[in-house]
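Remarks on the structure that follows.
In this note's numbering, the protein residues as written are -6 to 547.
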């Protein structure tokens, strides 16, 4: 069987698995967020934090709860790293330096999981499991809560109430993320991933020195790392490490976990707004972009240019032999079109165009299908803009799901899509203009510029993957990328929740013969075109200086 055919079969199996899980999981999540019942463990949590889960919140209160909880999470994770040296189970590792502790705390709370350290050489068991793994659950649950609040904004009318953040946070964690993660961890252990609390072991000589391996609760962290579209690996090699991702079966299962909730949330959206066809339209737009990017990535990496590529069967540099080009390409697209950031190969070693595809996937806003929660609300923002553009073309007031898209709504949507490009392009320009950040580049020319551009694209879009050629463990990059991660995560949430509140206050607009049908393939195509045009106009000059220039020169 040729590698190309094997890749097509893997992609087909993945699509089939996602299709089987789509309906039951989407409906289940809709019931979770619509239920008025509270389970006993949830009541204990509410009592412990002093929250009233039945109290409805308007968008300012919902936002304050999101920001307050996230601020406390950053502080807790920062302090946990700073006192690691005195904690049991630290494996002899010292406390983390202040700039790196800030970067890591911001990263995991912002669902970015950017790592400027070697996990197996820096973090002990307590920080890994009690700090980083916990935030993998909580940051994902925060994103899902904000997405559900926006969906309620579309579904409700004549009220500014969007639900209760604490109830959404706890339910998302207890009823959705934890059960699926337990099953996922068991599957990964069965595939060969490790799960223990062992110390550091010397395993023999390697390149003239002693090689050391340490164990850890890897399978359990790996499951929520992928399911919650987090991406932070237990080991520096991330999902290319055999302890995290042992074989092709585990590789395909991890990709399935990455895409599972973001795709299923479109059915949750359709169920909660009372129109499954609206959910299918959003799903169709997501699927077209994802499949298109995957096909393009496999084509660029399988293309034979020169004897080395012909012998290897494609661009195998930086890729694991046990996954091959197909498994690596599918994983790379899945992780950069979502906010996962996990890697099973090294994107810096991809062809010029292949590296550009990973970068462009993040620059789309990670909405196809995007991160857990953030992908859905990002796509709904783009849906609002697409409706607005359609209204301009036909000369009538734009409407979406029975809500008028007026001046306030389009301003909030525009502010949302401007935040991350401003962060990415602004920080990249400053880093390239200053002498010190450029010293961290491994390469010069177009590829070196791509390293910087990729780093800030990954940080501001809360992805977390790296081009693997940049020394980001410096005060400049730890600080600026940390700031980009926090602003890129929480500033857009301000506009999302404000938009949700303004929509919930409206009364429904009756559908007429002139109303744009947003549940049809025509609208889904318009939505895809809007996304590609906006992203292209925003990032094309920067991409032309980096991956496009490199690809054309190769």
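Think of the CB as a built atom: it goes at the ideal place given N, C-alpha and C, for glycine as much as any other residue.
Owing to the predicted nature of the structure, the values given are computational and were not obtained by experimental measurement.
Using 8 Å as the Cβ pair cut-off and three pairs as the minimum, do the stretch 252 to 267 and the stretch 12 to 24 touch? With the cut-off at 8 Å, the stretch 252 to 267 and the stretch 12 to 24 touch.
Using a Cβ-Cβ cutoff of less than 8 Å, which residues in the same chain neighbour residue 551 once the five nearest sequence positions on both sides are dropped? Residue coverage of the chain in this structure runs from -6 to 547, which leaves residue 551 outside it and unanswerable.
Same chain, Cβ closer than 8 Å to residue 407, neighbours up to 5 away in sequence not counted: 378
Extent of the continuous alpha helix (DSSP H) run through residue 470: 468 to 498
Quick check on residue 401: buried or exposed, where buried means 16 or more other Cβ atoms within 10 Å of its Cβ? By the 10 Å Cβ count, residue 401 comes out exposed.
Straight-line Cα distance separating residue 393 from residue 280: Take the alpha-carbon of residue 280 and the one of residue 393: they are about 21 Å apart.
Does the count of Cβ pairs from the stretch 155 to 167 and the stretch 46 to 58 closer than 8 Å reach three? By the C-beta criterion, the stretch 155 to 167 is judged to be in contact with the stretch 46 to 58, since at least 3 inter-stretch pairs fall below 8 Å.
When DSSP labels each residue in this structure, what does residue 149 get in the three-state scheme? coil
Cut-off 6 Å between Cβ atoms - residues of its own chain near residue 311, not counting five sequence neighbours on either side: 338, 339, 342
Sort out for me which residues DSSP pairs residue 16 with in a bridge. None; residue 16 has no bridge partner.
What are the boundary residues of the alpha helix (DSSP H) that includes residue 451? 438 to 453
Cα-Cα, which of 290, 442, 533, 435 is closest to residue 426? 442
Please confirm if the stretch 181 to 198 is in contact with the stretch 93 to 105, defined as three or more CB-CB distances below 8 Å between the two stretches. no
Decide yes or no for the touch test of the stretch 43 to 54 against the stretch 284 to 295: beta carbon pairs closer than 8 Å, at least 3 of them. No: the two stretches stay apart, fewer than three of their Cβ pairs being nearer than 8 Å.
Can you name, in chain order, every residue of its own chain whose Cβ lies under 7 Å from the Cβ of residue 92, other than the five neighbours on each side? Excluding residues within five positions, the ones whose Cβ falls inside 7 Å are 468, 471, 472.
Taking DSSP as the reference, what is the three-state secondary structure of residue 207? strand
Does the Cβ-Cβ distance between residue 353 and residue 536 come in under 8 Å? yes
Any chance the stretch 311 to 323 sits against the stretch 357 to 369, with 3 or more Cβ pairs inside 8 Å? no
By the three-class DSSP mapping on this structure, what secondary structure does residue 193 have? Three-state DSSP puts residue 193 in a strand.
Anyone know if the C-beta pair for residue 562 and residue 446 falls short of 8 Å? Residue 562 lies beyond the range of the chain shown here (-6 to 547); nothing can be said about it.
Under a Cβ-count criterion, where at least 16 other Cβ atoms within 10 Å of its own Cβ denotes burial, should residue 504 be classed as buried or exposed? exposed
Would you please state the rounded distance, in angstroms, between the beta carbons of residue 188 and residue 150? I believe it to be under 8 Å. 48 Å between Cβ atoms; not a contact.
Which term fits residue 217, buried or exposed, when burial requires 16 or more other beta carbons within 10 angstroms of its beta carbon? buried
Nearest by alpha-carbon distance to residue 282: which of 131, 87, 326, 269 is it? 326
Since residue 114 is in the alpha helix (DSSP H), which residue starts that stretch and which ends it? 112 to 115
So the candidates are -4, 97, 133; which of them puts its Cα closest to the Cα of residue 332? The shortest Cα separation from residue 332 among -4, 97, 133 belongs to 133.
C-alpha gap between residue 329 and residue 546, whole angstroms: 24 Å
Nearest to residue 496 by CA position, among 403, 127, 27, is which residue? 403
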